[in-house]
Structure formats: C-alpha cells, structure tokens
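When we follow this note's numbering, the leftmost residue of the sequence shown carries the number 8, and every step to the right adds one.
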Amino acid sequence: FRVSAVNKFGVGRPLESDPVIAQIPYSKFPPHFAQISVELPSCLSNVGPASDVSKLIKCREPVSPPSAPNVVKVTDTSKTSVSLEWTKPVFDGGMEIIGYIIEMCKADLEAWQKVNAETVIATKYTVVDLEAGEHYKFRVSAVNGAGRGESCEVPASVQTVDRLSAPEIDIDANFKQTHIVRAGASIRLFIAFSGRPVPTAVWSKADANLSLRADIQTTDSFSTLTIEECNRNDAGKYVFTVENNSGSKSITFTVKVLDTPGPPGPITFKDVTRTSITLMWDAPVLDGGSRIHHYVVEKREASRRSWQVVSSKCTRQIFKVTDLAEGMPYYYRVSAENEYGVGEPCELTEPVVATEEPAPPKRLDIVDTTKSSVVLACTFTIDIPISGRPAPKVTWKLEEMRLKETERVTIKTTKDRTTLTVKDSMRGDSGKYYLTLENTAGVKTFTVTVVVIGRPGPVTGPIEISSVSAESCVLTWKEPEDDGGKPK
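Below, the structure is given as structure tokens:
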C-alpha cells in the first residue's frame with residue numbers, strides 16, 4: 008500500500024508500506040485453559056463498611072508540567088519597581104495553564120525568592136518595593152494541574168532606576184483636531200500624553216492670550232481645556248505642549264465658533280472732496296466660522312449720536328460715500344455680516360472734514376522778533392492708524408536718524424494708532440519720516456515726506472564781476488544750497 012498527500016498545488020510523493028498477506032489474523036493453536044481455586048471470605052456480620060471515596064480520575068492522555076514561558080522582558084523600571092511581560096509557553100503539558108510564578112534575586116546572589124504569594128493569571132506583572140539603584144535578576148515559570156514547569160529568566164540583570172522617555176501625545180481613532188461649536192456652547196479639548204519623568208503640560212493660543220474663562224485640568228496622563236459659553240473671540244488655534252528633560256511635543260487644535268463676525272480691519276480713506284470720501288478697510292480677522300456676505304457702511308455727523316446707514320449691501324472692501332455737507336466733520340464705521348448676523352463695527356476714532364482745501368495751521372508760535380521782522384513757527388503732526396497681533400513695536404526715523412522724545416518731539420502710541428508731533432518746526436525737520444512696525448509675524452515700513460518752508464539759505468560764492476562799464480557791471484553767483492523748500 009502507499010499513501011500520498013494532496014493540496015491545492017497537487018499530489019505529493021507517496022509513502023509505501025511493507026508487504027502484507029491477506030489472511031485471518033488468528034494462530035493455528037487452540038486456546039489454553041487454566042484452572043484456579045478461590046476461597047471466598049466469609050463474615051458472620053455480612054458485608055463490612057466501605058473504604059473512603061477516591062479522588063476523581065479522568066481517563067485521558069498522560070499530562071506533564073508546562074514548558075517555560077517565552078520572551079520574558081522588562082517593559083518599565085522606576086527607583087522602586089520593575090515591570091515584566093512575557094508570552095505563554097509553547098507546550099502547556101496537556102492541561103490548561105492556571106497561573107505563573109515570578110521569582111527574583113539580587114544580581115550578585117543566587118538566592119531566588121518567590122515574589123507573588125498567589126499565581127498570576129495575566130502575562131505581565133510589576134514587582135514593587137525594591138531597593139533604589141540595585142541590580143536584580145528575574146525569572147518566570149508556568150503552572151498547570153500537573154505542577155510547575157521550567158523557568159525562563161530575563162537575559163540580563165535589571166537596575167531599579169527611573170527610565171527617561173520623551174513626551175508622547177496619544178491619538179486614537181476618535182481624536183479630532185478641528186472643533187466646530189455654536190456661540191454660547193462649550194468648548195472641551197481633551198488630550199492624553201505620556202513621558203518619563205512626567206512632562207509639564209501647557210495650553211496656549213496662537214497670536215492671543217488664553218481667555219480668562221478657560222478652565223484647565225491636568226493630571227499625569229491627560230489634560231483638558233474647557234471654555235463655557237464661547238463666543239467668536241474664542242475661535243482660533245490652540246496649542247498644547249508637553250515637555251520634560253528628554254524633549255517636547257506639541258499639537259494644534261483648530262476651534263471654529265459659529266457666530267457673527269468680528270470687526271473689520273482699520274478704516275483708511277482717500278479722495279476727500281467737498282461732498283464725498285472713499286473708505287477702505289480689511290476683512291475681519293474672525294469671520295464667525297462663515298463666509299462674509301457683505302458689509303454695512305454707516306456715517307454720522309460729529310455733533311450727533313445717531314448713525315445713518317450709507318450702504319447695507321457693500322460686497323467689496325472699498326466704498327465711496329457721497330452727498331456729504333461741505334465743511335462738516337463726519338465719523339464713519341463699517342460692520343461685516345455673515346449668515347449669523349451683523350458683527351461688531353470698526354469705527355474711525357477721529358472725524359474727517361469734507362473739504363478740498365487744506366486746513367490752516369493749528370498753532371503759530373512767535374520764535375523771534377526784530378525791528379522789521381517776526382519769525383513764526385508752527386507744529387506739525389503725523390497721525391497713522393496701526394494694527395497687528397501681537398501689538399507691534401513702533402519706531403520713528405527721520406532719514407537714517409532714529410527719533411526720540413525731546414522738548415520739541417513727542418511720540419504717542421496706543422494699540423490702534425501712533426502720533427508724531429514736532430513743535431517749532433524748522434527747515435532741518437524736512438525729509439522722509441519712516442514709521443516701522445515690527446512683531447513676531449513680520450516687519451512693515453511706511454514713509455511720509457515732510458517739507459518745512461522757510462527762508463532760503465545764502466547764495467553760494469564767490470560772486471564774479473564781469474562786463475564792467477562806466478555805468479554797469481554783471482554779477483554772477485550760484486544758487487543757495489537750501490532754497491527754503493519752495494521754488495523761487
């Protein structure tokens with residue numbers, strides 16, 4: 008006979024048996040009979056008491072203790088503990104594994120001692136109450152119904168010291184980096200982390216400070232930031248950073264609050280006439296989580312408090328206001344509107360007079376007098392609106408010279424504008440004034456040209472005399488280096 012195995016790739020090589028003769032499997036000799044005599048015991052009291060019941064015996068294949076566990080390794084250490092992990096034995100001895108025994112000894116000794124009083128069912132265990140900085144050896148053995156099997160030892164000794172590990176941020180399938188909430192609802196940002204030593208956790212907001220309403224709860228393994236009754240100002244990017252001696256790690260959350268938009272950017276103007284003015288502005292930084300549909304432009308006379316709508320459906324960031332009263336000072340403001348409503352307005356802080364003629368000097372000071380002349384000086388002011396997050400650093404320069412405050416020069420800067428005032432202006436105050444704004448996002452420079460008109464300087468010599476006659480002569484000289492700021 009022969010037998011071959013078959014799989015999806017075909018028939019394998021056959022195995023042949025020894026020759027066998029087809030016959031009845033009995034011997035030719037007749038059976039033998041043996042005669043024995045048995046004397047049955049007799050008892051006057053009939054049958055005696057039964058013996059004790061034996062243990063339950065299950066008919067099965069022979070069993071034995073299990074083999075040693077596989078790959079015993081150290082997963083973590085501290086100054087007083089060691090965490091071990093292993094895999095089940097390949098051979099269970101024909102019976103179910105009922106637990107494991109963990110033993111340890113100091114590295115320089117061979118006196119093994121049992122760690123766990125009862126067998127451990129799981130395949131991991133943390134040994135505690137160890138001496139700090141000491142070296143230990145560990146081994147694990149499995150136990151079944153037939154007894155304790157062979158041990159598997161950790162390959163090298165283990166020292167009880169704190170393990171250092173860089174911070175890690177734990178992200179699972181349910182993690183969301185973008186959160187969208189309606190105005191008035193609550194924002195809750197949760198993140199789990201790990202690291203050794205326990206890292207410090209810090210929440211921050213990009214380009215702004217965290218709201219005073221932000222509630223932060225942090226443990227050794229997770230942190231939560233909660234803001235109740237949020238509004239458009241709570242929208243933005245929130246940065247979570249964990250850091251320890253081994254490094255740092257950050258993650259950014261984007262929060263969108265569905266609300267009315269914030270105020271548009273600063274308003275500027277141009278082309279001022281007796282009856283019109285052209286306004287310009289930037290889109291709001293916070294759009295309320297929805298596209299800006301249009302802008303609402305309003306004006307009011309400086310002497311009144313009520314606002315008048317000039318346009319409620321302006322779709323661009325520029326608008327020409329007409330039908331102004333000549334010489335009348337007006338305030339202007341612009342609001343953005345999205346699907347959730349009209350947002351906060353941005354308003355000009357100073358009124359603008361509808362006029363084409365330059366305004367007269369605000370102040371004339373008498374600087375010097377003689378018998379035949381009076382020297383007058385006036386004050387000029389450069390006022391420029393500014394913006395930026397964080398608030399920019401402001402620097403004024405005249406040509407290459409940085410300006411500082413003196414008795415004649417005054418610099419005032421607020422969060423939304425900067426003003427340079429020069430009293431008793433002189434010809435030397437003419438030139439290009441540079442305003443530089445700088446923050447972490449970048450640098451921007453603006454140029455303003457100032458011309459101070461005064462007396463021309465002396466002509467440049469020498470004076471040359473030519474064409475001399477009895478009644479006349481011709482004088483020649485060069486123009487003065489300073490023409491006084493005005494054509495001759």
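Glycine included, every Cβ here is placed at the ideal spot set by N, Cα and C.
For Asp83, three-class secondary structure by DSSP
Locating residue 83 in the sequence shown gives position 76, where the first residue counts as 1. Strand at Asp83.
Nonlocal neighbours in the same chain, by C-beta distance under 6 Å from Asn77, ignoring five residues either side
For this step, residue 77 is matched to residue 70 along the sequence shown. Within the same chain, Asn77 has close Cβ partners Thr94.
How many whole angstroms separate the CB atoms of Gly191 and Glu236, which I take to be in contact at a CB cut-off of 8 Å?
Along the sequence shown, read from residue 1 onward, the residue named residue 191 stands at position 184. Along the sequence shown, read from residue 1 onward, the residue named residue 236 stands at position 229. Confirmed, Cβ separation roughly 6 Å.
Please go through the same chain and pick out, in chain order, the residues whose beta-carbon is closer than 6 Å to the beta-carbon of Ile223, but skip the five residues on each side of it.
Locating residue 223 in the sequence shown gives position 216, where the first residue counts as 1. Cβ within range, chain order: Trp210, Leu232.
Span of the beta strand (DSSP E) holding Ala343?
The residue given as residue 343 occupies position 336 in the sequence shown. For Ala343, the enclosing beta strand (DSSP E) begins and ends at 336 to 345.
With a threshold of 8 Å, are at least 3 pairs of Cβ atoms found where one atom belongs to the stretch 247 to 257 and the other to the stretch 295 to 312?
Output reads no: the stretch 295 to 312 does not touch the stretch 247 to 257.
Flag this pair as yes or no: are the beta carbons of Gly243 and Ala199 separated by less than 8 Å?
Taking the first residue of the sequence shown as position 1, residue 243 is located at position 236. Taking the first residue of the sequence shown as position 1, residue 199 is located at position 192. Inclusion of Gly243 and Ala199 in the CB contact set at 8 Å is not warranted, their separation being larger than that value.
Within a Cβ cutoff of 8 Å, which residues of the same chain sit near Ala398, ignoring the five residues on either side of it in sequence?
On the sequence shown, residue 398 is found 391 positions in, with the first residue counted as 1. Answer for Ala398: Lys422, Asn446, listed in chain order.
Might you give, ordered along the chain, the residues of its own chain that have their beta carbon closer than 7 Å to the beta carbon of Asp294, omitting 5 neighbours on each side?
Reading the sequence shown from its first residue, position 287 is the one you call residue 294. Closer than 7 Å at the Cβ level, and outside the excluded window around Asp294, lie Pro268, Asn345.
DSSP three-state assignment for Asp169, whether helix, strand or coil:
On the sequence shown, residue 169 is found 162 positions in, with the first residue counted as 1. It is coil, neither helix nor strand.
Buried or exposed, going by whether 16 or more other CB atoms sit within 10 Å of the CB of Phe260?
For the purposes of this step, residue 260 is identified with residue 253 of the sequence shown, where counting begins at 1. With at least 16 other beta carbons inside 10 angstroms of its own, Phe260 counts as buried.
Asp83 versus Ser158: straight-line alpha-carbon distance, rounded
Against the sequence shown, residue 83 aligns to sequence position 76. Against the sequence shown, residue 158 aligns to sequence position 151. Cα to Cα, Asp83 sits roughly 21 Å from Ser158.
With a CB to CB cut of under 6 Å and the five nearest residues on each side skipped, what residues in its chain are close to Phe8?
For the purposes of this step, residue 8 is taken as residue 1 along the sequence shown, with counting starting at 1. Answer for Phe8: Ser24, listed in chain order.
Ends of the beta strand (DSSP E) at Thr356?
Taking the first residue of the sequence shown as 1, we reach residue 356 at position 349. Segment: none, Thr356 is in no beta strand (DSSP E) and carries neither H nor E.
Label Thr329 either buried or exposed according to how many other C-beta atoms from any shown protein chain fall within 10 Å of its C-beta, with 16 as the threshold for buried.
Stepping through the sequence shown from its first residue, residue 329 is reached at position 322. Per the 10 Å Cβ criterion, exposed.
Does the structure place the stretch 141 to 157 close enough to the stretch 179 to 194 that three or more beta carbon pairs sit under 8 Å?
Per the Cβ contact rule, the stretch 179 to 194 is not in contact with the stretch 141 to 157 (fewer than 3 Cβ pairs under 8 Å).
So Cys321 and His301 are supposed to be a Cβ contact under 8 Å. How far apart are they, rounded?
Residue mapping note: residue 321 aligns to position 314 of the sequence shown, counting from 1. Residue mapping note: residue 301 aligns to position 294 of the sequence shown, counting from 1. The pair is a contact, with the Cβ atoms about 6 Å apart (cut-off 8 Å).
By how many angstroms is the C-alpha of Lys212 removed from the C-alpha of Met335?
Here residue 335 is taken as the residue at index 328 of the sequence shown, counted from 1. Here residue 212 is taken as the residue at index 205 of the sequence shown, counted from 1. Rounded to whole angstroms, the separation of the alpha carbons of Lys212 and Met335 is 44 Å.
In terms of alpha-carbon separation, which member of Val89, Val457, Lys131 lies closest to Gly435?
For the purposes of this step, residue 435 is taken as residue 428 along the sequence shown, with counting starting at 1. That would be Val457, whose Cα lies nearest to the Cα of Gly435.
Determine whether the beta carbon atoms of Gly152 and Val97 lie at a separation below 8 Å.
If you number the sequence shown from 1, residue 152 lands on position 145. If you number the sequence shown from 1, residue 97 lands on position 90. Not closer than 8 Å, so no.
From the DSSP output, in three-state form, read off Arg281 for me.
Position 274 of the sequence shown holds residue 281. Here Arg281 sits in coil by DSSP.
Can you give me the Cβ contacts of Leu22 inside the same chain, cut-off strictly under 8 Å, excluding the 5 residues immediately before and after it?
As a first step, residue 22 must be located in the sequence shown, where it is residue number 15. Listed in chain order, the non-local C-beta contacts of Leu22 below 8 Å within the same chain comprise Arg9, Val10, Ser11, local neighbours out to five positions each way being set aside.
Kindly indicate the opening and closing residues of the beta strand (DSSP E) around Ser255.
Here residue 255 refers to the residue found at position 248 of the sequence shown. Counting along the chain, the unbroken beta strand (DSSP E) around Ser255 starts and ends at 254 to 265.
Whole beta strand (DSSP E) runs in the stretch 151 to 206 with 3 or more residues, listed along the chain?
Complete beta strand (DSSP E) runs here, min 3: 154 to 160, 172 to 177, 185 to 189, 194 to 203.
Helix, strand or coil for Arg415 per DSSP?
In the sequence shown, counting from the first residue as 1, residue 415 sits at position 408. If DSSP states are grouped into helix, strand and coil, Arg415 belongs with coil.
Contact set for Ser380: own chain, Cβ-Cβ below 7 Å, skip 5 residues either direction:
Stepping through the sequence shown from its first residue, residue 380 is reached at position 373. A caution first: Ser380 carries a pLDDT of 49, below 50, which makes its placement in the model unreliable, though a value can still be read off. Taking Ser380 as the centre and dropping the five residues before and after it, the same chain places no C-beta closer than 7 Å to its C-beta.
Are the CB atoms of Arg281 and Ala361 nearer to each other than 8 Å?
The count along the sequence shown starts at 1 and reaches residue 281 at position 274. The count along the sequence shown starts at 1 and reaches residue 361 at position 354. Against a cut-off of 8 Å, the Cβ pair of Ala361 and Arg281 comes out as a contact.
Does DSSP put Arg312 in a helix, in a strand, or in coil?
As a working note, residue 312 is residue 305 in the sequence shown. Coil, per DSSP.
Between Lys430, Ile391, Ala448, which lies nearest to Thr420 when the distance is taken from Cα to Cα?
Your numbering for residue 420 matches position 413 in the sequence shown. Sorting Lys430, Ile391, Ala448 by C-alpha distance to the C-alpha of Thr420 places Ile391 at the top.
Helix, strand or coil: which one does DSSP assign to Asp99?
Position 92 of the sequence shown holds residue 99. Note: Asp99 maps to coil in three-state DSSP.
Per DSSP, His300 is paired with what?
If you number the sequence shown from 1, residue 300 lands on position 293. As computed with DSSP, His300 is found in no beta bridge at all.
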